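Peer 1: I'd like to ask you about the structure that follows.
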Ligand code: NDP
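In UniProt numbering, the protein residues as written are 1 to 320.
Put into structure tokens, the structure is as follows:
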């Protein structure tokens, strides 16, 4: 490690803008699956390069800086490597961490990419109105748990689905959802949704796709909105599942819109101003699932696709 660190410092002395950082917390994110796709398959992010450490979002401490916006000792979150030390060659994509009176790991999720996704997806894409009914799939995860709490604070009726009894209990008893169900135990998703939404769904925050989307279409209200955040149930399939209830789009005038969080980072400061006070007042809570040590990172990442994570999946590389 010493040799690697000194090699990196040498590059910094050559007048680059790079940052040498020590990685503290890493984020496991479903989109990373796209980066493992075969070459020539179109992906929206660069594929991982065999032989190089994989990259992803994380929280790090600056050891050496060639960039005017960062100095030694600063904390940041952004794209870094799955390794102990990383040379960040695009520091302009990183956010300096100014508020350290919350757990630092929150910047991998709640106050990082996942949190921004929840905030932008709900407020910018869903066009919510007070009193509307909101359904969220993968609701106890990194994004979903915040969408639900934002929707409740905004004054909506909120229901979530998740894949275990423990997660359903979290939704109802910790995050304050009005109702929740375990989709793995429901033989008929349409019936489960009709039970939770006798009057129908105004907003569906889509995280999973497949059979859930098909069932949701049957319960959408007139002029309902679907924000397509992700479709994790499809990421490991060779062939995506078919959707059968598409005519509901016409009959119910449903608007469905996909979005990418990267289009909304200009709202980051506004997001922090909204969410930080609510965290400090205990109005927003966040559950993390922590894997200790870089050696456990691959298992933690794979676990997302089996629903093994309870809350935001974080990997601790170092606590200082
Ligand atoms: P989570 O923390 O929710 O972890 C993934 C969860 O997905 C698992 O815990 C599991 O929960 C659920 N899941 C896994 N496989 C399936 C399956 N086959 N069917 C149904 N559910 C499944 O992840 P995130 O909150 O980080 O991400 C949620 C979604 O948001 C993903 O689709 C992701 O790609 C997307 N996303 C999109 C962004 C954008 O810019 N558009 C940015 C960030 C995330 P359970 O036990 O409940 O099944």
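The beta-carbon is built from N, C-alpha and C at its ideal position, and this holds for glycine as well. Keep in mind the model is a prediction, meaning the values are calculated, not measured.
By the DSSP assignment, the alpha helix (DSSP H) with residue 145 in it spans what residues?
Peer 2: It spans 144-154 - the alpha helix (DSSP H) in which residue 145 sits, taken as one unbroken run.
Peer 1: Residues in the same chain with beta-carbon distance under 7 Å from residue 169, minus the five sequence neighbours each way, listed in chain order, please.
Peer 2: No residues qualify anywhere along the chain.
Peer 1: From the DSSP output, read off the bridge partner residues of residue 220.
Peer 2: DSSP lists 201 as partners of residue 220.
Peer 1: Spell out a yes or no on whether the segment 261-275 and the segment 190-200 are touching, meaning 3 or more CB-CB pairs, one atom from each, closer than 8 Å.
Peer 2: Taking 8 Å as the limit for Cβ pairs, the verdict is that the segment 190-200 does not touch the segment 261-275.
Peer 1: Can you check which of these residues, 215, 107, 27, is closest to residue 243 by C-alpha distance?
Peer 2: Of the candidates 215, 107, 27, the one whose C-alpha sits nearest the C-alpha of residue 243 is 215.
Peer 1: Ordered along the chain, which non-local residues of its own chain (more than five positions away) have a Cβ less than 8 Å from that of residue 293?
Peer 2: Closer than 8 Å at the Cβ level, and outside the excluded window around residue 293, lie 315, 316, 317.
Peer 1: Do residue 63 and residue 22 have their CB atoms nearer than 7 Å?
Peer 2: Cβ distance < 7 Å, so residue 63 and residue 22 count as in contact.
Peer 1: What beta strand (DSSP E) runs, 3 residues minimum, are completely inside the segment 32-115?
Peer 2: Within the segment 32-115, the complete beta strand (DSSP E) runs of at least 3 residues are 55-65, 75-81, 85-88.
Peer 1: Return the chain-ordered list of same chain residues with a C-beta closer than 7 Å to the C-beta of residue 290, the five sequence neighbours on each side being excluded.
Peer 2: The residues are 314, 316.
Peer 1: By Cβ distance below 8 Å, which residues in the same chain neighbour residue 225 in space, the five residues on each side in sequence not counted?
Peer 2: So the list reads 125, 126, 127, 202, 203, 204, 254, 255, 256, 257, once near-sequence residues are dropped.
Peer 1: Give me the DSSP bridge partner(s) of residue 286.
Peer 2: Residue 286 is not bridged to any residue.
Peer 1: Roughly how many angstroms lie between the CA atoms of residue 160 and residue 31, to the nearest whole one?
Peer 2: In a straight line, the C-alpha of residue 160 is about 21 Å away from that of residue 31.
Peer 1: Using 8 Å as the cut-off, can you tell me whether the segment 89-108 makes contact with the segment 169-183, which would need three or more C-beta pairs spanning the two stretches below that distance?
Peer 2: They do not touch, by the three-pair rule.
Peer 1: My output table needs one value for residue 2: the three-state DSSP class, helix, strand or coil.
Peer 2: Unreliable positioning characterises residue 2 in this predicted model, as indicated by a pLDDT of 46, which lies under 50. The coordinate reading is nonetheless provided below. If DSSP states are grouped into helix, strand and coil, residue 2 belongs with the helices.
Peer 1: What does the alpha-carbon distance come out to for the pair residue 66 and residue 89?
Peer 2: Rounded to whole angstroms, residue 66 to residue 89 spans 10 Å at the Cα level.
Peer 1: By the three-class DSSP mapping on this structure, what secondary structure does residue 27 have?
Peer 2: Here residue 27 sits in strand by DSSP.
Peer 1: Can you find the residues in the same chain that come closer than 6 Å, C-beta to C-beta, to residue 309, ignoring five residues on each side of it along the sequence?
Peer 2: Here the set comprises 289, 303.
Peer 1: In whole angstroms, what is the alpha-carbon distance linking residue 91 and residue 60?
Peer 2: For residue 91 and residue 60, the distance between alpha carbons rounds to 12 Å.
Peer 1: How about residue 297 and residue 77: are their beta carbons less than 7 Å apart?
Peer 2: It is not a contact, given that the beta carbons lie outside the stated cut-off.
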